[in-house]
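Engineer:
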Amino acid sequence: SWMQGLTSAANEQNDNFQPTTTQRIFSAEECRVLTQEARGFLIRLRSLGLLDDLSQEEVIDRA
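Residue numbers (the numbering used here): 2 to 64.
What follows is the structure, given as structure tokens:
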């Protein structure tokens, strides 16, 4: 699945892990589509370096 592809890509990128210093603000539409728990999970994955900016946007777009 596409999520497994993201995980594989994240694992490859994890060797070059650098903590994120930015935080994404979710739009009203994104807040309507994504539950608070889902948004929190995305933020956690991002802060752990498991999702990069592009991957996070792809997940949000597919929601």
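Yeah, the Cβ is synthetic: ideal placement off N, Cα and C, and Gly gets one too.
In this text, all values refer to a predicted model and were calculated from it rather than measured experimentally.
Spatial neighbours of V60 within its chain, please: CB distance less than 6 Å, with the 5 preceding and 5 following residues excluded, ordered by chain position.
Structural biologist: So no residue of the chain qualifies.
Engineer: Can you round the beta-carbon distance between R25 and Q57 to whole angstroms, since I take them to be within the 8 Å contact cut?
Structural biologist: Their Cβ separation, rounded to whole angstroms, is 7 Å, which keeps R25 and Q57 in contact under 8 Å.
Engineer: Can you check whether the C-beta of L55 is within less than 7 Å of a C-beta belonging to chain C?
Structural biologist: The structure shown contains no chain C; it is built from a single protein chain.
Engineer: Taking the beta carbon of L55 as the centre, do at least 16 other beta carbons fall within 10 Å, making it buried, or is it exposed?
Structural biologist: The residue is exposed, with fewer than 16 neighbouring Cβ atoms inside 10 Å.
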